[in-house]
Every structure is written in structure tokens, then in C-alpha cells.
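A.B. asks: Numbering (the numbering used here), first residue to last: 98 to 771.
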Ligand code: IVH
């Protein structure tokens with residue numbers, strides 16, 4: 098009795114919470130919990146109700162489909178109920194799902210399945226009569242939806258007439274009602290926010306909510322100005338033709354009619370095959386051009402699926418395998434500032450620890466002050482943070498609905514947190530800078546960079562040693578490291594004879610580093626290894642470069658006027674001239690190394706690298722490309738010849754796909770150079 102009472106109470110509490118959160122989500126557009134948390138609560142209620150059906154009430158959120166209806170749209174009845182999907186979270190859940198189905202089907206029935214991405218968008222139901230798009234509706238309450246026909250007509254991937262390419266071989270039904278998903282491709286959402294930013298308007302936080310808002314515009318010109326995409330995967334009703342016998346046939350038929358079907362959808366003979374694919378989906382999730390929150394597994398045989406019927410609003414023949422959430426909410430409790438070697442001030446969010454994407458996160462990127470303002474992120478806010486793959490976690494945006502009123506604005510500092518000098522921001526620039534060239538933090542960061550792996554690569558010279566040497570007053574700039582002697586080093590913590598000796602030898606050897614490396618190490622804004630190489634190749638030596646005019650520098654392919662000015666300004670500064678003089682006096686040779694290319698097989702081709710390659714390091718791959726006459730660039734554009742993609746690639750792979758730039762694997766590259 099006491100037990101039943103507690104189940105009743107728990108069910109009541111869950112119903113109350115879930116209903117309140119749906120109201121916040123759908124009506125107020127101000128969710129205060131994440132989708133993942135909502136799912137967890139929902140699942141707990143489903144399980145509780147399954148074990149104790151006596152606690153089910155008609156107002157339980159499990160008893161209805163979500164409702165997106167809005168007062169100001171025409172209502173359209175659906176040709177058949179627009180159902181939802183049950184969720185699975187583990188391999189065991191999937192096998193249990195199959196087992197439940199097996200028990201309802203004749204013994205020994207073979208079950209094959211399709212596997213599709215679970216697109217994180219919103220359902221759309223589109224009706225074609227005699228091949229012409231006549232209506233499009235949202236899911237609504239599952240029985241009637243909102244008429245959004247003029248808006249859906251603006252979506253380019255939705256054919257206005259089928260078959261889209263007037264292929265006479267595809268039979269056109271008298272009436273076809275298709276169901277699919279509407280969403281923003283990641284790149285389109287980013288571009289939309291870029292436009293918002295350029296116009297000084299607030300940024301959109303959540304792609305799915307924005308897609309929903311875009312679809313529900315009263316003025317379809319607004320919808321047309323924001324590029325939505327539609328993927329279609331299901332036939333709700335079909336008149337004048339027999340239903341395709343399998344889900345795989347359905348997808349192929351829809352494709353033949355000119356619809357875009359979920360990319361990477363595939364057909365597998367057994368559930369084990371499907372389960373084997375799931376880890377790959379999870380690791381490749383970030384490379385897809387759209388957001389997914391799982392995969393959908395569908396019984397292929399339509400007759401069997403129909404026979405199985407439904408539980409509540411979920412068909413038994415399909416289920417969603419939900420991925421672990423990459424998003425979590427937590428509180429933004431502080432903002433720390435760092436100052437880089439160029440003086441750039443970067444704010445970082447300090448968070449109440451939260452477990453997300455497999456690790457506990459306590460800090461996250463806050464982008465820059467423009468973005469903080471555009472997203473209206475405040476200190477004390479409950480924020481959504483995202484951690485996908487190996488990307489640094491970042492603050493997606495605040496949950497406005499969770500505000501208490503005690504939150505405070507996050508404003509750029511007026512003075513440098515390390516040296517107290519005024520903070521400056523150049524006209525039109527995004528970032529703030531410490532104005533003091535002698536700021537101890539800047540000096541430290543510059544020397545730390547100077548000796549690091551990507552620069553002079555002095556082994557055994559880490560940030561801590563740099564810090565200790567600055568603290569003891571032994572070094573004040575990069576050149577000072579070359580006059581270090583054994584005695585003061587031996588006084589440093591953990592510095593014995595051997596370590597001191599090794600470090601001094603490494604410093605000595607660094608004097609002979611090729612000019613490209615030294616130039617990179619100087620940390621001139623915009624001069625990384627690639628630019629440094631072009632400069633050395635063009636000018637041949639330090640003296641010619643140091644006296645070059647911006648116009649002369651600009652003659653180098655790929656160097657724009659801003660960078661050229663920057664470089665010329667750097668060499669014109671008396672302070673930097675003094676530094677170069679000091680380095681020369683210390684014995685740094687600045688030798689321009691000219692290496693003859695091994696072949697010209699890649700001549701005229703520009704490569705961009707992203708991700709981790711299977712065998713080559715990034716440096717090795719770059720060296721190889723250059724040795725065969727190719728060029729390396731840092732960003733993908735229409736001029737890029739190839740993008741070399743490894744594991745966990747960044748947005749460059751997406752950009753390549755978008756621009757149609759061919760993608761190469763390491764093996765492809767090796768094959769190209771024989
Ligand atoms: S099938 C009876 N396939 O997920 C058919 N749904 O959580 C049920 N979704 O409301 C839907 N990608 O909006 C199906 N490949 C896919 C999907 C998909 C995303 C959405 C759909 C549905 C929700 C259920």
C-alpha cells in the first residue's frame with residue numbers, strides 16, 4: 098500500500114514536471130531544462146506506468162503526442178495519425194525491443210531492418226495530388242496540424258511537383274502524403290547567425306527551435322530568407338498505387354520521386370548488424386552536416402510492422418536509439434580572463450561541474466564579448482553547454498526561462514587583469530587587447546610560445562620553467578634565453594645537473610633553426626608556419642624581408658593587404674628591431690633553408706588538413722605535400738584543391754562538402770604522389 102502510494106506520488110510529480118516543461122518549451126519558447134533531461138523524466142514515467150498501469154491518468158504526457166498547434170494557423174486533419182517513436186538507450190534495450198516484437202509474430206519470422214539518422218528537426222507532413230504539392234502541415238497534436246503550405250513551398254529541397262525530374266518511369270500516385278523532418282543544416286544555421294551578428298541582432302541559440310519558428314512564420318518571405326532543408330522518410334497515405342512492401346522500398350521510391358531521403362540510410366539483415374553500426378554513427382555524428390540525436394531502426398517488412406500495431410502513440414515496428422547527450426545545463430558561476438601573447442583578452446566560463454560527452458566539465462569557451470552580448474549570456478545564468486568530440490566545450494546559450502533576476506551582465510574589462518594597463522579594441526575588431534607591450538602575462542605567453550614545439554621546439558623548456566625564469570628576473574624577452582647559464586638554472590626547482598645540461602644543449606642547438614621556424618616563433622600576428630615559408634621563399638633572407646614594403650610583401654600569393662601591413666609594421670617597430678639585433682648577437686643564425694622539391698606532382702594544388710591522420714603526423718603530411726610541390730592553406734575556400742581529412746575532423750570537412758571541394762584520405766594522398 099505504502100508502495101503504491103509512493104508510485105502514485107512519483108507519477109504525479111513526473112506528470113507535473115513534464116507538463117510544465119512542455120509548456121515552457123512549446124508555448125513560452127523558454128525551456129529551463131535540456132532535451133536530455135526531459136527525455137530522462139519522460140522515460141522514468143513510461144517505465145513507472147508500464148510497471149504500474151494503475152498510476153496512468155488521461156492527462157499523462159505519455160498519453161498524447163506533443164502539440165505544436167498555434168492559434169493563428171489553419172488546422173489540417175492528417176490522413177492518418179502522425180505517430181511518434183519509442184526510445185532505446187542501450188544494446189539491451191534494442192534486443193528487448195526485438196524480443197517483445199518476436200513474441201507477437203509467428204515463430205521463426207526473419208526480421209530485417211533499416212537504419213536511418215534520427216534527424217533533430219521537426220516533423221512535416223506534405224500532400225501531393227496528381228503530382229502537385231497541395232498542402233504541408235506540422236504534426237500538431239498528431240491528428241490535426243497547422244497549415245504551413247506557403248512556408249514549405251519556399252524550401253528548395255521539397256519538390257513542388259513529383260517526379261521532380263519528370264522521369265516517366267516512376268509511377269505517380271493520385272495522392273501521396275509523405276512525412277519527414279525539417280531542419281537547418283549546421284552550416285546554414287551558422288550562416289544565419291553570422292547574418293544576425295552582422296546586423297547587430299541577437300543570435301539564435303537552438304537550431305531546432307529556430308527551424309520551428311521559421312516554419313511557423315506568418316510571412317513566408319521570412320521563411321524563404323532562412324534556408325531550411327527537408328528530408329522525407331515515410332509514406333503516411335498513398336492512393337492509386339500499392340504501398341511499397343518494405344521501408345527500404347519506400348525510401349527508394351521517395352528518392353526516385355525526387356525527395357531527399359535521410360543521408361546514409363541503409364538496410365541490414367539483422368539487428369546485430371545494426372548494433373555493430375552504432376559506434377560508427379556516434380563517432381561520425383559530428384561530421385554530418387546536420388544535427389542528429391540518435392538513429393532510427395525500422396522493421397523493414399511493412400506488413401509485419403502493420404501487424405505489430407502500436408503502444409500508445411508509438412509504432413512497435415520502429416524505435417529510436419538515442420545517443421548520449423552532448424549538451425548539458427549547468428550554472429555559469431564565474432568568468433576568468435586570460436591574456437595571450439598578442440595581448441588578446443579571452444573570457445572563459447567557470448561552471449558548476451557537469452558531466453557531458455563522457456567527461457566532467459568545469460570551464461567552457463565563452464567565444465568573445467560580441468557573442469556574449471548577442472546571446473545575452475549573464476553571470477549566474479543557467480547555460481547550455483556543448484561538448485562534441487574533442488572540441489573544446491563551449492557555452493551554447495542561456496536558458497532564459499531559468500532566470501531568477503539575480504544574474505548580472507558580463508562586460509569587457511576596462512583594464513588588463515594582469516598589468517592594469519588600459520584595454521583597447523581596434524575599430525571594427527571583435528577582440529579586446531591589453532595595450533601594454535611589457536605586460537608580464539603577454540611576455541610570459543610570448544616566450545612560452547617562442548620555445549614551444551610549434552616554434553623553436555626547445556626540448557625540456559616548458560611553461561613552468563619560463564615562468565620560474567621570469568620570476569627570478571633571469572629572462573625578460575625571447576633573446577634572453579640564449580644567454581642562460583648553468584648556475585641560475587641549477588637553483589630552479591627540480592633542475593639537476595643532467596636536466597640543466599640537456600636544456601642548455603637544446604637552447605644552443607636552437608640557434609641554428611631555419612629562418613622559417615624563427616619567423617614563426619616571433620609570433621607576428623598572422624604569421625604561422627605557412628606564411629613564414631612563403632616569406633622566406635620570396636625574400637630569401639631576413640634582411641630583405643625586414644626592409645620590405647607592404648606592397649612588396651603583398652606580391653606573395655595569398656597574402657592580403659592587412660597581413661602585409663602587419664608584417665611590415667612589425668619589422669618597422671624599433672622594439673622588434675632591437676629584439677632581432679639581440680637574437681643575432683646571441684648567435685641565432687636566421688639561415689634561410691632552401692630545399693629542392695622531390696617532385697612536382699602536386700604543383701599548383703592547395704591542400705587543407707583537418708583531423709588526425711592514421712599514420713602521418715600533421716607536420717609529416719604537410720612536409721610531404723610541400724616536398725611534392727603542393728601548397729598548404731589554413732582554411733577551405735573555392736580555391737582549395739583538396740581537403741585531407743583524418744579522424745575527428747573539424748568544420749573544414751563540412752565546409753569542403755558545402756563548396757564541393759574534393760576530400761582525400763591519407764591513402765588517397767599517398768597514392769597521388771606514388
Ligand atoms: S519515423 C511512425 N524516422 O523523431 C514513424 N522519425 O522521436 C515515426 N525523426 O516525431 C517517425 N528522424 O520527427 C522517423 N529517420 C526518422 C526520423 C524521425 C527524426 C523524428 C520524428 C519523430 C521523432 C520521434
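Just so it is clear, CB atoms sit at the ideal spot from N, CA and C, and this is done for glycine as well. It should be emphasised that the depicted structure is a prediction, and the values quoted were computed from it without experimental measurement.
On a Cα-Cα basis, can you pick out the residue from 664, 483, 716, 570 that is closest to residue 550?
C.D. replies: Comparing Cα-Cα distances from residue 550 to each of 664, 483, 716, 570, the minimum goes to 716.
A.B. asks: Can you tell me whether DSSP reads residue 255 as helix, strand or coil?
C.D. replies: Of the three classes helix, strand and coil, the one that applies to residue 255 here is coil, per DSSP.
A.B. asks: Taking 6 angstroms as the limit between beta carbons, can you name the residues of its chain near residue 679, skipping five residues before and five after?
C.D. replies: Around residue 679: 576.
A.B. asks: Which of helix, strand or coil does DSSP assign to residue 413?
C.D. replies: Coil, per DSSP.
A.B. asks: At 3 residues or longer, what runs of the beta strand (DSSP E) sit wholly inside the region 659-711?
C.D. replies: Runs found: 703-707.
A.B. asks: Which first and last residues belong to the beta strand (DSSP E) in which residue 174 is found?
C.D. replies: From DSSP, the beta strand (DSSP E) with residue 174 extends over 172-174.
A.B. asks: Give the C-beta separation of residue 279 and residue 269 to the nearest angstrom, bearing in mind that I take them to be a contact with Cβ-Cβ under 8 angstroms.
C.D. replies: Actually they are not in contact, since the Cβ atoms of residue 279 and residue 269 sit about 23 angstroms apart, beyond 8 angstroms.
A.B. asks: What three-state label does DSSP hand residue 361 in the structure shown?
C.D. replies: DSSP places residue 361 in coil when its eight states are reduced to three.
A.B. asks: Output needed for residue 98: all residues of its chain with C-beta closer than 6 angstroms, excluding positions within five of it in sequence on either side, in chain order.
C.D. replies: Low per-residue confidence applies at residue 98: pLDDT is 48, beneath 50, and the placement is therefore not dependable enough to give any value.
A.B. asks: Take residue 708 and list the residues in its own chain whose beta-carbon comes closer than 6 angstroms to its own, dropping the five residues that flank it on each side.
C.D. replies: Correct list, in chain order: 742, 743, 744, 745, 746.
A.B. asks: According to DSSP, is residue 543 part of a helix, a strand, or is it coil?
C.D. replies: Here residue 543 sits in helix by DSSP.
A.B. asks: Following a CB-centred definition, is residue 510 positioned closer than 7 angstroms to any heavy atom of the ligand IVH?
C.D. replies: No; taking the cut-off as 7 angstroms, the Cβ of residue 510 has no heavy atom of the ligand IVH nearer than that.
A.B. asks: List the endpoints of the continuous alpha helix (DSSP H) containing residue 248.
C.D. replies: Segment 246-250, the alpha helix (DSSP H) holding residue 248.
A.B. asks: For a test of the three-state rule: what should DSSP assign to residue 529, helix, strand or coil?
C.D. replies: Reduced to three states, the DSSP call for residue 529 is strand.
A.B. asks: On a CA-only basis, which of 175, 427, 636 is nearest residue 223? Give me that one, please.
C.D. replies: Residue 175 is the option with its Cα nearest to residue 223.
A.B. asks: Alpha carbons only, please: which of 396, 521, 605 is nearest the one belonging to residue 367?
C.D. replies: Per the Cα distances, 396.
A.B. asks: Residue 730 to residue 700, Cα distance in whole Å?
C.D. replies: Approximately 14 angstroms, taken between the alpha carbons.
A.B. asks: Can you tell me whether residue 162 is buried or exposed, with buried defined as 16 or more other CB within 10 angstroms of its CB?
C.D. replies: Low per-residue confidence applies at residue 162: pLDDT is 49, beneath 50, and the placement is therefore not dependable, though the value from the model is reported in the following sentence. By the 10 Å Cβ count, residue 162 comes out buried.
A.B. asks: So, at 6 angstroms on beta carbons, what are the nonlocal neighbours of residue 760 in its own chain, with the 5 sequence-adjacent residues on each side left out?
C.D. replies: Excluding positions up to five away in sequence, the list reads 740, 742, 753.
A.B. asks: Run through DSSP, which three-state label would residue 647 get?
C.D. replies: The answer is helix: DSSP assigns residue 647 an H, G or I state.
A.B. asks: Rounded to the nearest angstrom, how far is the Cβ of residue 227 from that of residue 234, given a contact under 8 angstroms?
C.D. replies: Contact flag wrong, Cβ pair sits at about 19 angstroms.
A.B. asks: Would you list the one or two residues that DSSP bridges to residue 226?
C.D. replies: Per DSSP, 229, 272.
A.B. asks: Using CA coordinates, which residue listed in 271, 370, 323 is at the minimum distance from residue 292?
C.D. replies: The shortest C-alpha separation from residue 292 is found at 323.
A.B. asks: Can you tell me whether residue 765 is helix, strand or coil according to DSSP?
C.D. replies: Note: residue 765 maps to helix in three-state DSSP.
A.B. asks: With the cut-off set at 8 angstroms, would you say residue 408 and residue 331 are in Cβ contact?
C.D. replies: Not closer than 8 angstroms, so no.
A.B. asks: Where in the region 429-508 do unbroken runs of the alpha helix (DSSP H), each at least 4 residues long, occur, reported from the N-terminal end onward?
C.D. replies: As far as the region 429-508 is concerned, its whole alpha helix (DSSP H) runs of at least 4 residues are 466-472.
A.B. asks: Would you be able to state if there are at least three C-beta pairs under 8 angstroms between the region 488-507 and the region 331-344?
C.D. replies: The region 331-344, when compared against the region 488-507, does not touch it at the 8 angstroms Cβ threshold.
A.B. asks: Looking only at C-alpha atoms, which of 517, 668, 451 sits nearest to residue 535?
C.D. replies: Per the Cα distances, 517.
A.B. asks: Short of 7 angstroms in beta carbon distance, which residues of its chain neighbour residue 267, apart from the five on each side in sequence? Order them along the chain.
C.D. replies: The answer, listed in chain order, is 260, 353, 354.
A.B. asks: With C-beta atoms as the reference, is residue 737 less than 8 angstroms away from residue 685?
C.D. replies: No; because the gap between Cβ atoms is not below 8 angstroms, this pair is not in contact.
A.B. asks: Need the endpoints of the beta strand (DSSP E) that residue 183 sits in, please.
C.D. replies: Start and end: 183-185.
A.B. asks: Figure out for me which residue from 477, 458, 511 has the closest Cα to the Cα of residue 502.
C.D. replies: With distances taken between Cα atoms, residue 502 lies closest to 477.
A.B. asks: With a CB to CB cut of under 7 angstroms and the five nearest residues on each side skipped, what residues in its chain are close to residue 650?
C.D. replies: Hits under 7 angstroms: 656, 661, 664, 665.
A.B. asks: Short check: CB of residue 553 to CB of residue 607, under 8 angstroms?
C.D. replies: In contact: residue 553 and residue 607 (Cβ atoms closer than 8 angstroms).
A.B. asks: Where does the unbroken beta strand (DSSP E) through residue 213 begin, and where does it stop?
C.D. replies: Segment 210-216, the beta strand (DSSP E) holding residue 213.
A.B. asks: Roughly how many angstroms lie between the CA atoms of residue 170 and residue 245, to the nearest whole one?
C.D. replies: Residue 170 and residue 245: Cα-Cα distance of roughly 8 angstroms.
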